[in-house]
Amino acid sequence: KAGVTQTPRYLIKTRGQQVTLSCSPISGHRSVSWYQQTPGQGLQFLFEYFSETQRNKGNFPGRFSGRQFSNSRSEMNVSTLELGDSALYLCASSLGSSGEQFFGPGTRLTVL
Amino acid sequence: QQPVQSPQAVILREGEDAVINCSSSKALYSVHWYRQKHGEAPVFLMILLKGGEQKGHEKISASFNEKKQQSSLYLTASQLSYSGTYFCGTERVNSGYALNFGKGTSLLVTP
Chain R
29 KAGVTQTPRY LIKTRGQQVT LSCSPISGHR SVSWYQQTPG QGLQFLFEYF SETQRNKGNF
89 PGRFSGRQFS NSRSEMNVST LELGDSALYL CASSLGSSGE QFFGPGTRLT VL
Chain U
135 QQPVQSPQAV ILREGEDAVI NCSSSKALYS VHWYRQKHGE APVFLMILLK GGEQKGHEKI
195 SASFNEKKQQ SSLYLTASQL SYSGTYFCGT ERVNSGYALN FGKGTSLLVT P
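So the protein sequences, as listed, match chains R and U. Under this note's numbering, the first residue of the first sequence carries the number 29, and numbering increases by one thereafter. Under this note's numbering, the first residue of the second sequence carries the number 135, and numbering increases by one thereafter.
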């Protein structure tokens, strides 16, 4: 069974640009969550999608947005990039609520 | 609301025990524990649902005190492979499905 995949694995952008990250969950998983990981803050919850609906959102500015498609694949978008957005972005999929989450390898975003 | 983990870091010799604590100021529905090795994705260890039950397998177990909104992860007779960063993730009651992780506890097991 294939694991969670994320593309691209690495990205370098400059301030002001926007970026789209993609996540393909494990087959059959309908829930996808996104996290931002930085050395100082650990894993911070961005948002969670289930069956194309955003069920919850973390405390991030509106520049961070996401969506989920009918095949459960998810994308997150960050507009007007800032230096502080440099981080590892992880997505995780699960069957549903309160279940074990399976993490992807992450996308390393560097903003110059 | 990010849960608070303690200690931030711990160094053990192989065979020693360790306890990692996780506390929240909000009523919790569940607590998740994950371990992340350097350069890898976090890997699930266990989930504890409200009810105060203790779970575990082999030498890693955990408890959840619903009244105190605290969970503890117990690592006994540590092995070199236990090294990594441990994160607790908490799901609050009536908050929808949102897993808030602590900042992590770095564990290093030495020979």
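All residues carry an ideal CB built from backbone N, CA and C; glycine is no exception.
Residue(s) in a DSSP beta bridge with residue i
{"i": "residue 154 (chain U)", "result": "U:207"}
{"i": "residue 54 (chain R)", "result": "Looking at the DSSP assignment, residue 54 (chain R) forms no beta bridge with any residue, so it has no partner."}
{"i": "residue 255 (chain U)", "result": "What the structure shows of chain U is the stretch from 135 to 245, and residue 255 (chain U) is not part of that stretch, so it cannot be assessed."}
{"i": "residue 215 (chain U)", "result": "For residue 215 (chain U), which the question treats as bridged, DSSP gives no partner whatsoever."}
{"i": "residue 243 (chain U)", "result": "U:146"}
{"i": "residue 70 (chain R)", "result": "R:66"}
Buried or exposed by the 16-neighbour rule on C-beta atoms within 10 Å, applied to residue i
{"i": "residue 237 (chain U)", "result": "buried"}
{"i": "residue 122 (chain R)", "result": "buried"}
{"i": "residue 36 (chain R)", "result": "exposed"}
{"i": "residue 172 (chain U)", "result": "exposed"}
{"i": "residue 179 (chain U)", "result": "buried"}
{"i": "residue 30 (chain R)", "result": "exposed"}
{"i": "residue 69 (chain R)", "result": "exposed"}
{"i": "residue 120 (chain R)", "result": "buried"}
{"i": "residue 216 (chain U)", "result": "buried"}
Chain-order list of residues whose beta-carbon lies under 8 Å from that of residue i (same chain, five-residue window excluded)
{"i": "residue 65 (chain R)", "result": "71, 72, 115, 116, 117, 118 and 134"}
{"i": "residue 196 (chain U)", "result": "165, 167, 179, 180, 182, 188, 189, 190, 205, 206, 207 and 208"}
Beta carbon proximity, residue i to chain U, threshold 8 Å
{"i": "residue 89 (chain R)", "result": "no"}
{"i": "residue 118 (chain R)", "result": "yes"}
{"i": "residue 58 (chain R)", "result": "no"}
{"i": "residue 134 (chain R)", "result": "yes"}
{"i": "residue 112 (chain R)", "result": "no"}
{"i": "residue 76 (chain R)", "result": "yes"}
{"i": "residue 73 (chain R)", "result": "yes"}
{"i": "residue 94 (chain R)", "result": "no"}
{"i": "residue 79 (chain R)", "result": "no"}
Contact with chain R by residue i, beta-carbon distance below 8 Å
{"i": "residue 194 (chain U)", "result": "no"}
{"i": "residue 198 (chain U)", "result": "no"}
Examine the Cβ distances between the stretch 200–214 of chain U and the stretch 140–160 of chain U and report whether three or more of them are shorter than 8 Å. Because the criterion of three Cβ pairs below 8 Å is met, the stretch 200–214 of chain U and the stretch 140–160 of chain U touch.
Is it a yes or a no for the stretch 87–101 of chain R touching the stretch 137–145 of chain U, going by three-plus beta-carbon pairs under 8 Å? In the pairwise beta carbon analysis, the stretch 87–101 of chain R is classified as not touching the stretch 137–145 of chain U: fewer than three pairs are separated by under 8 Å.
Specify whether the stretch 215–225 of chain U and the stretch 52–59 of chain R touch according to this definition: at least 3 beta carbon pairs, one from each stretch, less than 8 Å apart. Taking a cut-off of 8 Å for Cβ pairs, the stretch 215–225 of chain U and the stretch 52–59 of chain R do not touch, as fewer than three such pairs fall below it.
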